[in-house]
Amino acid sequence: MKAIRYLTVLFSLTILVIMQGCGSGGGTSDTAGSLTISAPTSTDNKDGSYSVTVTVTYAPPADKTAQGVVVTTTATDSFGNYRTDNATLTSGSNSVIYTYRVRQNVGFSSSLSIVSNIGGMVSGVSIVIPAITPLGAPAVQFKSTDVPGTVLTSAITGGIAPYSYVSVSTSALSVQLLGTTLNVMNTTTGATTANATVIVTDANGSLLSIPVGYFTP
Numbered sequence: 002m003k004a005i006r007y008l009t010v011l012f013s014l015t016i017l018v019i020m021q022g023c024g025s026g027g028g029t030s031d032t033a034g035s036l037t038i039s040a041p042t043s044t045d046n047k048d049g050s051y052s053v054t055v056t057v058t059y060a061p062p063a064d065k066t067a068q069g070v071v072v073t074t075t076a077t078d079s080f081g082n083y084r085t086d087n088a089t090l091t092s093g094s095n096s097v098i099y100t101y102r103v104r105q106n107v108g109f110s111s112s113l114s115i116v117s118n119i120g121g122m123v124s125g126v127s128i129v130i131p132a133i134t135p136l137g138a139p140a141v142q143f144k145s146t147d148v149p150g151t152v153l154t155s156a157i158t159g160g161i162a163p164y165s166y167v168s169v170s171t172s173a174l175s176v177q178l179l180g181t182t183l184n185v186m187n188t189t190t191g192a193t194t195a196n197a198t199v200i201v202t203d204a205n206g207s208l209l210s211i212p213v214g215y216f217t218p
C-alpha cells in the first residue's frame, strides 16, 4: 500500500507522508514491540527554507502484525506551531517517511521537534534550522577629487541570492548589480554631489540600504 498526502500548517511547515508496506499480513494487532524515529536529515533548499526528513518505524512483537495500528506523529517548531498526523499501519513491519519544509529566520536559528507515539510508546527527535545571515554590504565612499566615471564596488553578503537592484536616490550615480558585486559610478564631480543611498533586495524580499558618501582626502 502506498499513500501520498501534502499538508500545510503555519510558518510554511509542510509534510509529505509516504507509507511503505508489503501487504496486510496476518495475526493480531499489538501495540507492544518497538517504535523508532531515524536521525533527521536536512537539505538547504536555497530559497530560505530547509527540508527535514525522518523515518518513523514500528516493529510489532513476534507473531503479531501492525495491521490497524495507528502511529501519531506531531511536529512542533520554535514558535509553538504544530502539526499532528495519524498514520494507520497495514503490515507486520511498517515505516512512515515524513518530509517537513521549514522556513528559516533572519538572524537567529530555530528548531523542529518531531515526536511519534503508539499507546505508551514514544520516540522523538529534534533538529536545529540554521539562521539566514542578515543582508549586508559595505558603504561606498567616493573622494571629492574623483573624476566623473570613477567606479567603486561593494560586495553583497547574506540574505538569499539572487540579489536585485531596486533604486538609487540620486541621478548623479549610475548603478549596476552583477551577482554579488554592486558597481557604483560617479557621474559628476565628487565635491558637488550629495550623499546618496542605493537600495537592493534579495530573493526573500529583504531590503538593504547601502550608503554612498563623499569625503575630502
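Numbered by my numbering, the letters in the sequence shown go through residues 2 to 218 in order. Glycine is no exception: its CB is placed at the ideal position from the N, C-alpha and C atoms. Just so you know, these numbers come straight off a predicted model, no measurement behind them.
Enclosing beta strand (DSSP E) for residue 197 [first to last residue]: For the purposes of this step, residue 197 is identified with residue 196 of the sequence shown, where counting begins at 1. Residue 197 -> beta strand (DSSP E) spans 197-202.
Using C-beta distances below 7 Å, list every residue in its chain close to residue 188, excluding the 5 sequence neighbours before and after it, in chain order. By one-based count along the sequence shown, residue 188 stands at place 187. Contacts found: 149, 173, 174 and 175.
Tell me the DSSP secondary structure of residue 137 in three-state form. As a first step, residue 137 is located in the sequence shown; it is residue number 136 there, counting from the start. Under the three-state reduction of DSSP output, residue 137 falls in the strand class.
For residue 208, list the residues DSSP reports as bridge partners. Locating residue 208 in the sequence shown gives position 207, counting from the first residue. Here residue 208 is bridged, per DSSP, to 202.
Could you check which residue in 128, 209 and 67 has the C-alpha nearest to that of residue 119? For the purposes of this step, residue 119 is taken as the residue at position 118 of the sequence shown. Closest option to residue 119, judged by alpha-carbon separation, among 128, 209 and 67: 67.
DSSP on residue 182, reduced to helix/strand/coil? The sequence position of residue 182 within the sequence shown is 181, counting from 1. Looking at residue 182 - three-state DSSP - the assignment turns out to be strand.
Please determine if the segment 153-162 and the segment 127-135 are in contact, where contact requires at least 3 C-beta pairs separated by less than 8 Å. As far as the Cβ criterion goes, the segment 153-162 touches the segment 127-135, which means the pair count is three or higher.
Going by DSSP, what residues sit across from residue 174 in a beta bridge? Walking along the sequence shown from the start, residue 174 turns up at place 173. Bridge pairing for residue 174: 187 [DSSP].
Measure the C-alpha to C-alpha separation of residue 51 and residue 34 and round it to an integer number of angstroms. Along the sequence shown, read from residue 1 onward, the residue named residue 51 stands at position 50. Along the sequence shown, read from residue 1 onward, the residue named residue 34 stands at position 33. The straight-line gap from Cα to Cα measures roughly 33 Å.
Thinking C-alpha only, which one of 112, 106 and 196 is nearest residue 41? Residue numbering aside, residue 41 sits at position 40 when the sequence shown is read from its first letter. Here the closest residue by C-alpha is 112.
Delimiting residues of the beta strand (DSSP E) encompassing residue 76: For the purposes of this step, residue 76 is taken as the residue at position 75 of the sequence shown. From DSSP, the beta strand (DSSP E) with residue 76 extends over 71-78.
Restricting to Cα atoms, I'd like to know which of 180, 217, 163 and 107 is closest to residue 155. Stepping through the sequence shown from its first residue, residue 155 is reached at position 154. Of 180, 217, 163 and 107, the residue nearest in Cα terms is 180.
Between the beta-carbon of residue 215 and the beta-carbon of residue 184, is there less than 8 Å? On the sequence shown, position 214 is the one that residue 215 refers to. On the sequence shown, position 183 is the one that residue 184 refers to. The Cβ atoms of residue 215 and residue 184 lie no closer than 8 Å to each other.
Among 207, 38, 127 and 117, whose alpha-carbon lies nearest the alpha-carbon of residue 108? Residue 108 sits at position 107 when you count from the first residue of the sequence shown. Residue 207 is the option with its Cα nearest to residue 108.
Are there 16 or more other CB atoms within 10 angstroms of the CB of residue 177, so buried, or fewer, so exposed? For the purposes of this step, residue 177 is taken as residue 176 along the sequence shown, with counting starting at 1. So residue 177 counts as exposed.
Do residue 103 and residue 53 have their beta-carbon atoms positioned less than 8 Å apart in this structure? Taking the sequence shown and counting its residues from 1, the one referred to as residue 53 is at position 52. Taking the sequence shown and counting its residues from 1, the one referred to as residue 103 is at position 102. Result yes, Cβ atoms of residue 53 and residue 103 sit closer than 8 Å.
What's the call for residue 76, buried or exposed, on a 16-neighbour Cβ count within 10 Å? By 1-based counting over the sequence shown, the position of residue 76 is 75. Note on residue 76: 16 or more other CB atoms within 10 angstroms of its CB, so buried under the neighbour-count rule.
Can you look up residue 68 in the DSSP assignment and give me helix, strand or coil? On the sequence shown, residue 68 is found 67 positions in, with the first residue counted as 1. The answer is coil: DSSP assigns residue 68 none of H, G, I, E or B.
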